[in-house]
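Below you'll find the structure, written out as structure tokens, and then a few comments.
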Amino acid sequence: MNSRSKLLLVDDSVSIIEVVAGILSNEYDVRFATAGAKALKIIQAGHVPDMILLDVMMPGMDGYEFCTLIKQNPNLKNIPIIFITASSDAESESQALAAGAVDFIHKPINHDVLLARVRLHLGMIQNRRELEELNQRLFVTLSEVEKSRDQLQILATAIEYSPTSIVVTDLDANIEYVNPHYCKLIGYTSDEVIGQKSAILTSAHTHPQKYVDLWTKIGQGEAWSGEFVNVTRDGLVGSEMCIRDRRCGVPRRSPHRTRQRRERPNHALCVGATGYYRSARGRRNDQAGAAK
Numbered sequence: 003m004n005s006r007s008k009l010l011l012v013d014d015s016v017s018i019i020e021v022v023a024g025i026l027s028n029e030y031d032v033r034f035a036t037a038g039a040k041a042l043k044i045i046q047a048g049h050v051p052d053m054i055l056l057d058v059m060m061p062g063m064d065g066y067e068f069c070t071l072i073k074q075n076p077n078l079k080n081i082p083i084i085f086i087t088a089s090s091d092a093e094s095e096s097q098a099l100a101a102g103a104v105d106f107i108h109k110p111i112n113h114d115v116l117l118a119r120v121r122l123h124l125g126m127i128q129n130r131r132e133l134e135e136l137n138q139r140l141f142v143t144l145s146e147v148e149k150s151r152d153q154l155q156i157l158a159t160a161i162e163y164s165p166t167s168i169v170v171t172d173l174d175a176n177i178e179y180v181n182p183h184y185c186k187l188i189g190y191t192s193d194e195v196i197g198q199k200s201a202i203l204t205s206a207h208t209h210p211q212k213y214v215d216l217w218t219k220i221g222q223g224e225a226w227s228g229e230f231v232n233v234t235r236d237g238l239v240g241s242e243m244c245i246r247d248r249r250c251g252v253p254r255r256s257p258h259r260t261r262q263r264r265e266r267p268n269h270a271l272c273v274g275a276t277g278y279y280r281s282a283r284g285r286r287n288d289q290a291g292a293a294k
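Structure follows, in structure tokens:
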């Protein structure tokens, strides 16, 4: 709550108005009305207070009736109302609370008590507003999380059923994920290849410098594309056109920061279109024929 919260004092006693205004006007913007009907006109004119200080016994509309009208208005019902009363009996206090008051102050007015009660209830308003704002932000965040989760589920399904080989490794070439199509082509299960080096399929038909070039580019955060000749678990050899990229990093939380920060991607994604695998002998025969 800012330092100049708006208070509306409703009392038919000018002396009470002077006392209360004298105590509160240094910290708050205080408006006053000497009757309930006048107070309603002030509010209807757009001067909606953060708190109402209300006398109980007034000519015409008394404090209970005024309080009831305020609490029945959905736009005003959250305004805290403190009754100022000369009555100290339990019945009067119960009636004030039943009408919607949050507190009551007895006459004659004690300077310190009045300030303490006003500060307390204005602080509670501020806490409630902050909690409502926090809940709204949380709702938005949860909605975004739910949307992202749905999108990830769609992406995961697309990857799982993709007719293209997909492999994710860390920057040390350790395999962290393979999709079912990849396993079908190479003859290994995902449990057998995850944690292994991607060189598990390396064959002598691919020049070692090509692998050096690949990981150099990946380490620099660049994409690489080219062709490998790989060997399956059963010894079949095939050509694989693939693209490797380093744009699948994940956010990490630094122990020295309270907010997440996006670091450079720390994973490499390989998407490959693998050709028909043949036996190593069949490939050598093809190469011999081409040489002739």
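Just so we're aligned: the sequence shown equals residues 3 to 294 in the numbering used here.
C-beta atoms are modelled at their ideal positions from N, C-alpha and C, and glycine is treated no differently.
Given the structure is predicted, the values throughout are model-derived calculations rather than measurements.
Do you know offhand how far D13's Cα is from E135's? 34 Å
To the nearest whole angstrom, what separates the beta carbons of H123 and M53, a pair I think is in contact under 8 Å? 6 Å
Leaving out five residues on either side along the sequence, give the residues of the same chain with a beta carbon under 6 Å from the beta carbon of G125. none
Continuous beta strand (DSSP E) stretch holding A35: start and end: D31 to A35
For N28, count neighbouring Cβ atoms within 10 angstroms of its own Cβ and tell me buried if that reaches 16, exposed if not. exposed
My output table needs one value for V22: the three-state DSSP class, helix, strand or coil. helix
When the Cα atoms are used, what is the spatial distance from T204 to V231? 7 Å
Going by beta carbon distance, what residues of the same chain come within less than 8 Å of S90, once the five residues before and after it are set aside? H108
Pick out the complete beta strand (DSSP E) segments inside the stretch 46-129, 3 residues or longer, and give them in chain order. 53-57, 83-87 and 105-108
Opposite I196 in the DSSP bridges: which residues? Answer is none; I196 lacks a bridge partner.
What's the gap between the Cα of H207 and the Cα of S164? 27 Å
Which stretch, first to last residue, makes up the alpha helix (DSSP H) that contains Y213? P210 to G221
Measuring CA to CA, which of G62, V58, K79 and F68 is closest to E2? Nothing can be reported for residue 2: it is not among the residues displayed for the chain, which extend from 3 to 294.
Is it right to say R119 is buried, meaning 16 or more other beta carbons lie within 10 angstroms of its own, or is it exposed? buried
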